[in-house]
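Notes follow the structure.
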Amino acid sequence: DIQLTQSPSFLSASVGDRVTITCRASQGISSYLAWYQQIPGKAPKLLIYAASTLQSGVPSRFSGSGSGTEFTLTISSLQPEDFATYYCQQVNSLPLTFGGGTKVEIK
Amino acid sequence: EVQLVESGGGLVQPGGSLRLSCAASGFTFSDHYMDWVRQAPGKGLEWVGRDRNKANGYTTEYAASVKGRFTISRDDSKNSLFLQMNSLKIEDTAVYYCARSLPYSPQDYWGQGTLVTVSS
Chain S
1 DIQLTQSPSF LSASVGDRVT ITCRASQGIS SYLAWYQQIP GKAPKLLIYA
51 ASTLQSGVPS RFSGSGSGTE FTLTISSLQP EDFATYYCQQ VNSLPLTFGG
101 GTKVEIK
Chain C
108 EVQLVESGGG LVQPGGSLRL SCAASGFTFS DHYMDWVRQA PGKGLEWVGR
158 DRNKANGYTT EYAASVKGRF TISRDDSKNS LFLQMNSLKI EDTAVYYCAR
208 SLPYSPQDYW GQGTLVTVSS
């Protein structure tokens, strides 16, 4: 199985901050990586797929990059509604796997 | 508008069974793969299994943690997905989500989830 390691697992930031979350895969997955946002009590919401493609309707302050084994999610200017938990997911091979999550909280 | 609505969750004793349903609307159900993903209380996301579409023979795949105990099926005539869960364990306690997907693509639409609690 492909393991995904997210870092950090927790970060505290202020509105307007630039935030970067990293996801490392245990083996190469090309660009078969997605990012989700989850607000407590809600289903995950797809933000980015194919490592860097923004899902329709997602604000442009979100961006993704990387390929192979190292990927990043960047929020260029954190907004109040962005305080949530973020997960990466590989869709290169079954079983599909998720990173452990990064909780973004208000400083 | 794409909608996925799960139902069937509840409290069940260890060793018991439960069948979850997912009602789909707003898209051509038979064209899509469908996945089940779960989330234990306070924990991360775990892929449970997949049902491939008609074009791929409705074949199924499962996570090792549920293989042999859980069965995914669908009824395209009713736009419905099912998860039959047998021999339930305490560690199966989670919110179960159904989600739409395609090969090499993530889940783009998710249901609201249904809570399964396994406890004596």
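So the protein lines, in turn, are chains S and C. The first sequence begins at 1 in the working numbering and counts up by one. The second sequence begins at 108 in the working numbering and counts up by one. Where a beta carbon is used, it is the ideal one built from N, C-alpha and C, also for glycine. As the structure is a computational prediction, the values presented were derived from the model and not from experiment.
Say whether chain S places a C-beta atom closer than 9 Å to the C-beta of serine 114 of chain C.
Mapped onto the second sequence, residue 114 of chain C falls at position 7. Chain S contact via Cβ: absent.
Taking the alpha-carbon of serine 65 of chain S as reference, which of S:Gln27, S:Pro59, S:Ala50, S:Ser56 has the nearest alpha-carbon?
As a first step, residue 65 of chain S must be located in the first sequence, where it is residue number 65. The candidate whose alpha carbon is nearest that of serine 65 of chain S is S:Ala50.
Give me the chain C residues within the contact set of glycine 100 of chain S, using Cβ-Cβ distance strictly less than 7 Å, ordered along the chain.
Position 100 of the first sequence, counted from the start, is the residue given in the question as residue 100 of chain S. Under the 7 Å cutoff, chain C gives Gly151.
Quick one: what's got a C-beta closer than 7 Å to leucine 222 of chain C's C-beta in the same chain, skipping five residues either side?
Numbered from its first residue, the second sequence carries residue 222 of chain C at position 115. Excluding residues within five positions, the ones whose Cβ falls inside 7 Å are Gly116, Val202.
What is the residue span of the beta strand (DSSP E) that threonine 69 of chain S lies within?
By 1-based counting over the first sequence, the position of residue 69 of chain S is 69. Neither: threonine 69 of chain S is in no beta strand (DSSP E) and is coded neither H nor E.
Count the other CB atoms within 10 Å of the CB of threonine 166 of chain C; is the residue buried (16 or more) or exposed (fewer)?
Translated into positions along the second sequence, residue 166 of chain C becomes position 59. The residue is exposed, with fewer than 16 neighbouring Cβ atoms inside 10 Å.
Would you kindly report the start and end of the unbroken beta strand (DSSP E) that includes serine 7 of chain S?
Walking along the first sequence from the start, residue 7 of chain S turns up at place 7. Note, serine 7 of chain S: beta strand (DSSP E), 4 to 7.
Find the nearest neighbour of serine 76 of chain S within the set S:Ser14, S:Phe98, S:Ser63, judged by alpha-carbon distance.
Counted from its first residue, the first sequence places residue 76 of chain S at position 76. Out of S:Ser14, S:Phe98, S:Ser63, S:Ser63 has the C-alpha closest to the C-alpha of serine 76 of chain S.
Could you give the DSSP three-state label for glutamate 108 of chain C: helix, strand or coil?
Taking the first residue of the second sequence as 1, we reach residue 108 of chain C at position 1. Three-state DSSP puts glutamate 108 of chain C in coil, outside helix and strand.
Within 9 Å of any Cβ in chain A, is that where the Cβ of lysine 107 of chain S sits?
Considering every chain present, this structure includes no chain A. Its protein chains are S and C.
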